[in-house]
Each structure stands twice: as C-alpha cells, then as structure tokens.
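Enquirer: Everything in the sequence shown is counted per full-length UniProt numbering, starting at 1 for the first residue and increasing by one. Don't be surprised by glycine CBs; every beta carbon is placed ideally from N, CA and C.
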Amino acid sequence: MRKFFVSRLMGRSAEDVDPFPILELPEQLVEYVLSFVSTDDLVKSCRLVCVQFQRIVDRNGFWKIKCERDGKVIPSFHLDSLPANYYRAIYVSNPYGRNLLRNGHGDEKGPDNEAPQLPSKTTKAVAERDCSDVESSGGEHDEMPQAAKPDPASAASSSDGEPESEPPSEDEDYYEDNFFRRDMFAHWQVTQNHGDGWRVEKTPAGADPLPLANQSCFATSYGECSKEQVISLVKEGVVPEVLDIFKPAIEVSEWYAGRFDCGCMYRLIVELLDVAKKPVATFDTGELVTPQWAGRQWQQVRHTFDDYPKGVRYVRFAHLGTDTQFWAGHYGAKMAGGMVRIAAEQTNPTSTAASRETVDKTSGAQHS
1 MRKFFVSRLM
11 GRSAEDVDPF
21 PILELPEQLV
31 EYVLSFVSTD
41 DLVKSCRLVC
51 VQFQRIVDRN
61 GFWKIKCERD
71 GKVIPSFHLD
81 SLPANYYRAI
91 YVSNPYGRNL
101 LRNGHGDEKG
111 PDNEAPQLPS
121 KTTKAVAERD
131 CSDVESSGGE
141 HDEMPQAAKP
151 DPASAASSSD
161 GEPESEPPSE
171 DEDYYEDNFF
181 RRDMFAHWQV
191 TQNHGDGWRV
201 EKTPAGADPL
211 PLANQSCFAT
221 SYGECSKEQV
231 ISLVKEGVVP
241 EVLDIFKPAI
251 EVSEWYAGRF
261 DCGCMYRLIV
271 ELLDVAKKPV
281 ATFDTGELVT
291 PQWAGRQWQQ
301 VRHTFDDYPK
311 GVRYVRFAHL
321 GTDTQFWAGH
331 YGAKMAGGMV
341 RIAAEQTNPT
351 STAASRETVD
361 KTSGAQHS
C-alpha cells in the first residue's frame, strides 16, 4: 500500500518506484506532502496506508491548510470545540458564500437515469370548465392596442396588418431553436404542471433580457405551475453547531417577469425547516400580480433570514406562476436566477507559519 501511494504521488506505476522510507520523515513533512493529494485519494487510499496517515488525514488542522491554500471560504466562527470533519466539510462542499440552489435557470440537465417525472398537464378543455371568468372576458384573447409594439418572436401579424396576441408558432424547428426540452428540471420537484405546463426558454420570450449572464428562464402557463427544491444545509457542508449557535444569515432571492402582452401572477415561498422538515421560519411574497401591458421588466425578490430559531437543517425554496388571462401557451410568469446563500464573514488569510502553528495546536488538542 505504501509503494502504491508513493507511485500515485510520482505519477508512475508501482513497479517502477523504488522503496521510499516516507514514514521515517518528520510527521509535519508527511502532512505537508499529503496536503497536495486529491480528496478522493486521501479518503479512499491514504487513510488506509497506516495509522499515521489516518491520523493526519482525520485532523481538522490538515483540512484547514487545504482550505486556505485552495481559497475556500472559511467563516469567522469561533467554536470552543471543533466538530469532527469541520474543515473537511468546508473543503469538500465550500458551503459559505455560494449559491446552494441548483438549476436556477433550468439549463442544468440531470443524469439520464434521473429524469424528473412531471405531473400531467391540465388540458385546455378541463381548465376552461373550471375557469368562471373566461366567458365574461369576451373571449380567450383580447385585441392588442395599436400603440403596443409586440415582440416579433411572440406576436404574429393578422390579415389586416395589425398585430395580434397569438401564441408563437411551436413547430418542431421553432421549438428546438428557442426552448430547452421540457424534462430539464433536474434537482426540482414539480408539484403543479397545469395548463400547457412548465417550459424552459433559452431567452425570455416576450420579455426584456435577464440582467444576468445566463439568459435562460422558466416560463409558466394558463394553469398554475409550481415546483420546489429542498436543500439539506448539513449535506451542503454546514455543521449543525454553526446553524444552532451562530445562526448565519441565509439570503434568498429570485428574478421574475411577465410578458409585454399578458398579465401574470408570481409567488415565492421560502421556508426554513427543522430536522423533521417542519417549518420554523417562512418568507412568502404573496401573489405578485403584473397587469397586462405592464410586464416584460425583470424584478428581483430578496429576503434575509437571521436570528431564526434553533434547529434549522433544511431550506425549502418554492415558486409558482400563471397568466391572468387564460391564454393557451406559456404567457404566465417567468422566473430565473434563484439563490439560497449562507452569508458568512471570511477569516483573514494567515501566513504559512501561523497556519502551521494552528495545525499543531489543533492536532495536539484533538489527540492529547
């Protein structure tokens, strides 16, 4: 095993490596060498070489060195007793300061064997029977005022030259050019998929460009569309002691918009859940309604959870949307760029000598 380990470090086969008395080196030097080994090799191979290697790899101080060298965000929390694998969790998951919500734009495709199953869509005939205001509205589509300038990608011209608010053509070529496949909801649990269901647009149809580098977004239909994502903070690398004692601020946000030609409704609900997944704190925007002709601009919803109850372990991020005019197609609210972030003030970088002193003290405290 030792010969195999040395061969891995040197990038050579075990047969080409001469025996090297690595265990005769000072432990600090062995630790320094090991700190350059990949996490996978450290956990799956190095810990199995000998008791000394296992002791080094299991130290909190060892992983702190790796965190500092590789630029991981180390929060300035001061725990009297460090939990086991505290710095290892930070190194592997880097949970502080990054977005813990996944696939916030709908362009992240999951594994082929984990394609999400969407609930069946409500047919237009069934939905019409359940909508009492369709007949009173004077028809399914209202006339578009001449002053409105429809988006060429989402409005067609009528025979008399005036633009009409008709759904864009969804022939195969148009669909492939402008939209992602409808099964691209990796990491999300779709809870409602009514009307014509959820869709992911490569660029916002009928709305302004997103004020973000990534332009893809989710789009909803004439029946309510909702989905959610539950994030395990512990699995993401935040130890329970930090959540219970320091209660770091949890920042949540998302961008939403309507179309230029159709009213819509958007709602965001974020809950902090305990170990039993029961809510202990909630942020709810309520129904944010955008009137017809007043859409297309993107707006951001933001909230910060702080001083929340002890016991938070999960974050449930749920959003929903629909149009307000019952138009076939995807004229409902759009959303993108959702974020869940653990805010933590970062410790100042320390010198190599100071880091080494910290490692020695931590190692001695844990193994005395």
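1. Around the C-beta of N214, are 16 or more other C-beta atoms found within 10 angstroms, so that it is buried, or is it exposed?
2. If distances are taken between C-alpha atoms only, which option among R98, V239, W198 comes closest to M335?
3. Look at the alpha carbon of T290 and the alpha carbon of C217, and state the distance between them as a whole number of angstroms.
4. Just the Cα atoms here: how many angstroms apart are D284 and S226?
5. Bridge partners of N99, per DSSP?
6. Which class does D261 belong to by DSSP, given the choice of helix, strand or coil?
7. Any idea if L48 is buried or exposed, counting beta-carbon neighbours within 10 angstroms, 16 or more meaning buried?
8. Please name the residue, chosen from E345, G295, E228, that lies closest to G332 on a Cα-to-Cα basis.
9. Label P95 either buried or exposed according to how many other C-beta atoms from any shown protein chain fall within 10 Å of its C-beta, with 16 as the threshold for buried.
10. Could you tell me the boundaries of the alpha helix (DSSP H) in which G61 lies?
11. Which residues bound the beta strand (DSSP E) around residue 371?
12. Can you tell which of V239, G237, A219, Y314 has its C-alpha closest to the C-alpha of Q229?
13. Is the beta carbon of A207 closer than 8 Å to that of R259?
14. Kindly confirm or deny that the segment 235–248 and the segment 317–332 touch, where touching means at least three C-beta pairs closer than 8 Å.
15. Quick one: what's got a C-beta closer than 6 Å to E251's C-beta in the same chain, skipping five residues either side?
16. In whole angstroms, what is the alpha-carbon distance linking E345 and F77?
17. Starting from L288, trace the beta strand (DSSP E) in both directions and tell me its first and last residue.
18. Under the three-state reduction of DSSP, which class applies to F246: helix, strand or coil?
19. For L100, I'd like the list of residues in its chain whose CB is within less than 6 Å of its CB, leaving aside the five on either flank, ordered along the chain.
20. I need the boundaries of the alpha helix (DSSP H) containing Y87, first residue and last residue.
21. State the start and end residues of the unbroken alpha helix (DSSP H) segment that holds I74.
22. With E31 as the anchor, note down where its alpha helix (DSSP H) starts and where it stops.
23. On a Cα-Cα basis, can you pick out the residue from Y86, I74, P83, V92 that is closest to D41?
24. Assign K278 to buried or exposed, taking buried as 16 or more other Cβ atoms, counted over all protein chains shown, within 10 Å of its Cβ.
25. Helix, strand or coil, according to DSSP, for A46 in the structure here?
26. Under a three-way DSSP split, which group does Q325 fall into?
27. According to the neighbour-count rule (16 or more other Cβ atoms, all chains shown, within 10 Å of its Cβ), is T322 buried or exposed?
28. Kindly indicate which three-state DSSP category T39 falls into: helix, strand or coil?
29. Find out if the Cβ-Cβ distance for the pair G263, Q325 is shorter than 8 Å.
30. For L210, is the classification buried or exposed, using 16 other Cβ atoms within 10 angstroms of its Cβ as the cut-off for buried?
31. Roughly how far, in whole angstroms, is the beta-carbon of R98 from the beta-carbon of H187, given that I think they are within contact range, below 8 Å?
32. If you check the beta carbons only, do D196 and G106 fall under 8 Å apart?
33. Please name the residue in G61, V51, Q189, E108 whose C-alpha comes closest to that of Y86.
34. Just verifying my parser: in three-state terms, what is the DSSP assignment at E236?
35. The beta strand (DSSP E) with Q189 in it runs from where to where?
36. Look at the alpha carbon of Q297 and the alpha carbon of A257, and state the distance between them as a whole number of angstroms.
Expert: Let's see:
1. One-based indexing of the sequence shown puts residue 214 at position 214. Burial call: exposed.
2. Start at 1 with the first residue of the sequence shown, and residue 335 comes out as number 335. Residue W198 is the option with its Cα nearest to M335.
3. Here residue 290 is taken as the residue at index 290 of the sequence shown, counted from 1. Here residue 217 is taken as the residue at index 217 of the sequence shown, counted from 1. Distance between the alpha carbons of T290 and C217 is about 18 Å.
4. Here residue 284 is taken as the residue at index 284 of the sequence shown, counted from 1. Here residue 226 is taken as the residue at index 226 of the sequence shown, counted from 1. C-alpha separation (whole angstroms): 14 Å.
5. As a working mapping, residue 99 is identified with position 99 in the sequence shown. Within the DSSP secondary-structure output, N99 pairs in a beta bridge with R341.
6. Position 261 of the sequence shown holds residue 261. Note: D261 maps to coil in three-state DSSP.
7. Position 48 of the sequence shown, counted from the start, is the residue given in the question as residue 48. By the neighbour-count rule (16 or more Cβ atoms within 10 Å), L48 is not buried but exposed.
8. Residue numbering aside, residue 332 sits at position 332 when the sequence shown is read from its first letter. Scanning E345, G295, E228 for the CA closest to the CA of G332 turns up G295.
9. In the sequence shown, residue 95 corresponds to position 95, counting from 1. Counting Cβ neighbours within 10 Å, P95 comes out buried, since at least 16 surround it.
10. Working through the sequence shown from its first residue, we reach residue 61 at position 61. In the DSSP assignment, G61 falls within the alpha helix (DSSP H) that extends over 60–69.
11. Nothing about residue 371 can be read from this structure; the chain reaches only from 1 to 368.
12. Indexing the sequence shown from 1 puts residue 229 at position 229. If we check each option's Cα against that of Q229, Y314 comes out closest.
13. Taking the sequence shown and counting its residues from 1, the one referred to as residue 259 is at position 259. Taking the sequence shown and counting its residues from 1, the one referred to as residue 207 is at position 207. Yes, they are a contact pair.
14. Flag = no, the segment 235–248 and the segment 317–332 do not touch.
15. Locating residue 251 in the sequence shown gives position 251, where the first residue counts as 1. Here the set comprises T304, R341, A343.
16. To locate residue 345, count along the sequence shown from 1; it is residue 345. To locate residue 77, count along the sequence shown from 1; it is residue 77. E345 and F77 have their alpha carbons spaced roughly 8 Å apart.
17. In the sequence shown, the residue the question calls residue 288 occupies position 288. In the DSSP annotation of this structure, the continuous segment of the beta strand (DSSP E) that includes L288 starts and ends at 288–290.
18. On the sequence shown, residue 246 is found 246 positions in, with the first residue counted as 1. Under the three-state reduction of DSSP, F246 is assigned to helix.
19. As a first step, residue 100 must be located in the sequence shown, where it is residue number 100. Counting only Cβ-Cβ distances below 6 Å, and skipping sequence neighbours, we find I231, E236, V340.
20. Walking along the sequence shown from the start, residue 87 turns up at place 87. For Y87, the uninterrupted alpha helix (DSSP H) segment begins and ends at 86–93.
21. Position 74 of the sequence shown, counted from the first residue, corresponds to residue 74. Looking at the DSSP string, I74 is not in any alpha helix (DSSP H), and its letter there is neither H nor E.
22. Position 31 of the sequence shown, counted from the start, is the residue given in the question as residue 31. Taken as a continuous stretch (DSSP letters only), the alpha helix (DSSP H) holding E31 covers 27–34.
23. Here residue 41 corresponds to residue number 41 of the sequence shown, with the count starting at 1. Ranking Y86, I74, P83, V92 by Cα distance to D41 puts V92 first.
24. Reading the sequence shown from its first residue, position 278 is the one you call residue 278. By the neighbour-count rule (16 or more Cβ atoms within 10 Å), K278 is not buried but exposed.
25. If you number the sequence shown from 1, residue 46 lands on position 46. The sequence shown places Cys at residue 46, rather than the Ala named in the question. Look at C46 here: in three-state DSSP terms it is helix.
26. By 1-based counting over the sequence shown, the position of residue 325 is 325. Coil at Q325, not helix or strand.
27. As a first step, residue 322 is located in the sequence shown; it is residue number 322 there, counting from the start. Buried, since its Cβ has 16 or more Cβ neighbours within 10 Å.
28. Start at 1 with the first residue of the sequence shown, and residue 39 comes out as number 39. DSSP places T39 in the helix class (H, G or I) of the three-state scheme.
29. Your numbering for residue 263 matches position 263 in the sequence shown. Your numbering for residue 325 matches position 325 in the sequence shown. In contact: G263 and Q325 (Cβ atoms closer than 8 Å).
30. Residue mapping note: residue 210 aligns to position 210 of the sequence shown, counting from 1. It counts as buried.
31. For the purposes of this step, residue 98 is identified with residue 98 of the sequence shown, where counting begins at 1. For the purposes of this step, residue 187 is identified with residue 187 of the sequence shown, where counting begins at 1. With 8 Å as the limit, R98 and H187 do not qualify as a contact, their Cβ atoms being about 15 Å apart.
32. Translated into the one-based positions of the sequence shown, residue 196 becomes position 196. Translated into the one-based positions of the sequence shown, residue 106 becomes position 106. Not in contact: D196 and G106 (Cβ atoms no closer than 8 Å).
33. Your numbering for residue 86 matches position 86 in the sequence shown. Comparing Cα-Cα distances from Y86 to each of G61, V51, Q189, E108, the minimum goes to G61.
34. On the sequence shown, residue 236 is found 236 positions in, with the first residue counted as 1. In the structure shown, E236 sits in coil (DSSP, three-state: anything other than H, G, I, E or B).
35. Against the sequence shown, residue 189 aligns to sequence position 189. Segment 189–193, the beta strand (DSSP E) holding Q189.
36. The count along the sequence shown starts at 1 and reaches residue 297 at position 297. The count along the sequence shown starts at 1 and reaches residue 257 at position 257. Between Q297 and A257, the alpha-carbon positions lie close to 6 Å from each other.
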